[in-house]
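J.: For what it's worth, our numbering labels the leading residue of the sequence shown as 514, then goes sequentially. This structure is in structure tokens; I'll ask about it shortly.
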Amino acid sequence: MTTSWTSRVSLRWRILLGMLAILLAALAIFSLATVTLLRSFLLDRVDTRLYDARIPVTQIRSGGDPDGRGPFAGATALDRGPGPRGFGSNSFAFLLYDSDGRQVRVVNSGITGNPDPLPVLPPFTYDSAGDLATPFTVEADGDSSFHYRVLVTRLAETRDVVVMALPINTDDETIARLLRVEAAVAAAVIGAVAIVGLRLVRVGLRPLDDMTETATAIATGDLSHRVDLPDDQQDEVGRLGHAFNGMLSQIEAAFQKKDLSEDQLR
């Protein structure tokens, strides 16, 4: 008959491994909850910035920005390079599309001499852009590690579509740092609990080792051995040890009576 792995592992190690497994599960759930809450908070903050920026952007016309203050100020049609720096240009990327979804103008985010890559957007027209009314996350063109939070706004008067994209790499880095910190803390906690837990389990199960030694001594014929236990130890192991000592006392008394009877018979 085959034996399970639990029968080949000592009780103290099974208790310790079970305790560490529960602790690891609790830490994983806590880490998942904190990362999820932090990411939700950061995305809400980014979405708020996008919604706030949408107010001046909706004043743009496909013929240009007559006030010269918007993100497309001075940009020419089909300008696909980094445009002149205007409203929030170092933080936001702005893309202007006509009603058929053709890209008309672009202002990249980042530094003028070293602009960020543009976001990868799904194909859309003025009519289908209505399905993209809420912010969503996309990757950058040619760089899957670079992410944008995107908000699509339709201009009803000109039937153009303005796309505002805000890089969220700093938020991704914040979450990555949090994960690294949580992993380091979890490793330290699990290591400390393993050391302390092993010590506590050894102390708690020491009476069981004493019972094994006592039973071995009794098997050799020495009935005077007892498990060394404090009188006030009343946990499960302590009660078992006291019951074991009581049984040994009765066995020793029975053997003494037997020997006395044999002596009297002789």
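The C-beta atom is built at its ideal place from N, Cα and C for all residues, glycine as well.
Bridge partners for Phe649 per DSSP, in chain order?
T.: Sequence index remark: in the sequence shown, residue 649 carries index 136 (1-based). Paired residue(s): Val663.
J.: Quick one: what does DSSP say Leu773 is sitting in, helix, strand or coil?
T.: Stepping through the sequence shown from its first residue, residue 773 is reached at position 260. The answer is helix: DSSP assigns Leu773 an H, G or I state.
J.: Quick one: Cα of Leu679 to Cα of Leu550, how far?
T.: Counted from its first residue, the sequence shown places residue 679 at position 166. Counted from its first residue, the sequence shown places residue 550 at position 37. Taking the Cα positions, Leu679 is about 20 Å away from Leu550.
J.: May I ask you to verify whether the segment 682 to 698 touches the segment 634 to 648, counting CB pairs closer than 8 Å and requiring at least 3?
T.: no
J.: Alpha carbons only, please: which of His755, Leu556, Arg719, Arg739 is nearest the one belonging to Glu765?
T.: Here residue 765 corresponds to residue number 252 of the sequence shown, with the count starting at 1. Among His755, Leu556, Arg719, Arg739, the Cα nearest to that of Glu765 belongs to Arg739.
J.: Pair every Cβ in the segment 701 to 714 with every Cβ in the segment 669 to 688, then say whether three or more of these pairs are closer than 8 Å.
T.: no
J.: Helix, strand or coil, according to DSSP, for Arg618 in the structure here?
T.: For the purposes of this step, residue 618 is taken as residue 105 along the sequence shown, with counting starting at 1. The answer is strand: DSSP assigns Arg618 an E or B state.
J.: Quick check: what's the CA-CA separation for Ala590 versus Thr647?
T.: Sequence index remark: in the sequence shown, residue 590 carries index 77 (1-based). Sequence index remark: in the sequence shown, residue 647 carries index 134 (1-based). At Ala590 the pLDDT is 34, less than 50, meaning the model places this residue with poor confidence; the figure from the coordinates comes in the next sentence. If you take the alpha carbons of Ala590 and Thr647, they lie about 27 Å apart.
J.: DSSP state of Gly531, grouped into three classes?
T.: In the sequence shown, the residue the question calls residue 531 occupies position 18. In the three-state reduction of the DSSP assignment, Gly531 falls in the helix class, which pools H, G and I.
J.: So, Asp673 versus Asp613, is the Cβ gap smaller than 7 Å?
T.: Reading the sequence shown from its first residue, position 160 is the one you call residue 673. Reading the sequence shown from its first residue, position 100 is the one you call residue 613. Against a cut-off of 7 Å, the Cβ pair of Asp613 and Asp673 comes out as no contact.
J.: If you run the structure through DSSP and keep just helix, strand and coil, what is Val559?
T.: Reading the sequence shown from its first residue, position 46 is the one you call residue 559. Helix at Val559.
J.: To which residues of the same chain is Leu713 closer than 8 Å at the C-beta, ignoring the five residues directly before and after it?
T.: Start at 1 with the first residue of the sequence shown, and residue 713 comes out as number 200. Contacts found: none.
J.: Please classify Asn621: is it buried, with 16 or more other beta-carbons within 10 angstroms of its beta-carbon, or exposed?
T.: Taking the first residue of the sequence shown as position 1, residue 621 is located at position 108. Asn621 should be labelled buried.
J.: For Val663, which option in Gln616, Val548, Arg719, Val559 has the closest C-alpha, if you only look at C-alpha atoms?
T.: As a position in the sequence shown, residue 663 is number 150, starting the count at 1. Considering only alpha carbons, the answer is Val559.
J.: Rounded to the nearest angstrom, how far is the Cβ of Tyr661 from that of Val651, given a contact under 8 Å?
T.: As a first step, residue 661 must be located in the sequence shown, where it is residue number 148. As a first step, residue 651 must be located in the sequence shown, where it is residue number 138. That pair is a contact at about 5 Å.
J.: In whole angstroms, give me the CA-to-CA distance for Gly759 and Ala728.
T.: As a position in the sequence shown, residue 759 is number 246, starting the count at 1. As a position in the sequence shown, residue 728 is number 215, starting the count at 1. C-alpha separation (whole angstroms): 13 Å.
J.: Straight-line CA distance for Thr687 to Met724?
T.: What you label residue 687 is simply residue 174 of the sequence shown in a count that begins at 1. What you label residue 724 is simply residue 211 of the sequence shown in a count that begins at 1. If you take the alpha carbons of Thr687 and Met724, they lie about 55 Å apart.
J.: Quick check on Gly754: does DSSP put it in helix, strand or coil?
T.: By 1-based counting over the sequence shown, the position of residue 754 is 241. Looking at Gly754 - three-state DSSP - the assignment turns out to be helix.
J.: Just to check my reading of the structure: Leu555 and Met677 have Cβ atoms closer than 8 Å, yes? What is that Cβ distance to the nearest angstrom?
T.: Counting from one through the sequence shown, the residue named residue 555 turns up at place 42. Counting from one through the sequence shown, the residue named residue 677 turns up at place 164. Actually they do not touch by this definition, with Cβ atoms about 17 Å apart.
J.: Do Arg567 and Thr666 have their C-beta atoms closer together than 7 Å?
T.: By one-based count along the sequence shown, residue 567 stands at place 54. By one-based count along the sequence shown, residue 666 stands at place 153. In contact: Arg567 and Thr666 (Cβ atoms closer than 7 Å).
J.: For Leu645 and Gly623, what's the separation of their Cα atoms in angstroms?
T.: For the purposes of this step, residue 645 is taken as residue 132 along the sequence shown, with counting starting at 1. For the purposes of this step, residue 623 is taken as residue 110 along the sequence shown, with counting starting at 1. Going from the Cα of Leu645 to the Cα of Gly623 covers about 24 Å.
J.: Could you spell out the range, first to last residue, of the alpha helix (DSSP H) harbouring Leu691?
T.: The count along the sequence shown starts at 1 and reaches residue 691 at position 178. From DSSP, the alpha helix (DSSP H) with Leu691 extends over 682 to 717.
J.: Using 10 angstroms around the beta-carbon of Ala669, count the other beta-carbons present and answer buried if the total reaches 16, otherwise exposed.
T.: In the sequence shown, residue 669 corresponds to position 156, counting from 1. Counting Cβ neighbours within 10 Å, Ala669 comes out exposed, since fewer than 16 surround it.
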